[in-house]
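Asks: Numbering (the working numbering), first residue to last: 3 to 93. Quick one: this structure, given as structure tokens, is what I'll be asking you about.
The structure is reproduced here in structure tokens:
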């Protein structure tokens with residue numbers, strides 16, 4: 003179980019498209035969370051498809067994000083993607 007706790011600092015606009023490999027439609031929304039540690043850390047997460055509307059998140063909310071990590075290689079470099087699958091608001 004991977005989780006990250008912090009405050010939502012930025013929510014980016016929803017993007018939509020069609021998969022080149024399958025032809026299926028997709029939706030993606032990215033958001034940035036910052037920890038409240040002495041030396042704050044930030045991470046950018048993505049919500050995919052139905053999860054884009056499943057969680058009603060707002061900038062400034064403290065949340066616990068549960069996520070998966072995926073790594074892919076492109077042009078000789080590796081890139082990580084953090085895909086959120088559960089977001090719990092912290093009161």
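Built from N, CA and C at the ideal position, the CB exists for glycine as well. Quick caveat, the model's predicted, so the values are computed rather than measured.
Check whether the Cβ atoms of residue 92 and residue 64 sit closer than 8 Å, and answer yes or no.
Replies: yes
Asks: Could you tell me the distance, in whole angstroms, from the CA atom of residue 38 to the CA atom of residue 62?
Replies: Each residue's Cα considered, the two are about 12 Å apart.
Asks: May I ask you to list the residues that DSSP assigns as paired with residue 99?
Replies: Past the boundaries of the shown model lies residue 99; the chain is included only from 3 to 93, so the question cannot be answered.
Asks: What is the DSSP secondary structure of residue 9, counted as helix, strand or coil?
Replies: strand
Asks: If you follow the beta strand (DSSP E) that residue 44 is in, where does it begin and where does it stop?
Replies: 44-50
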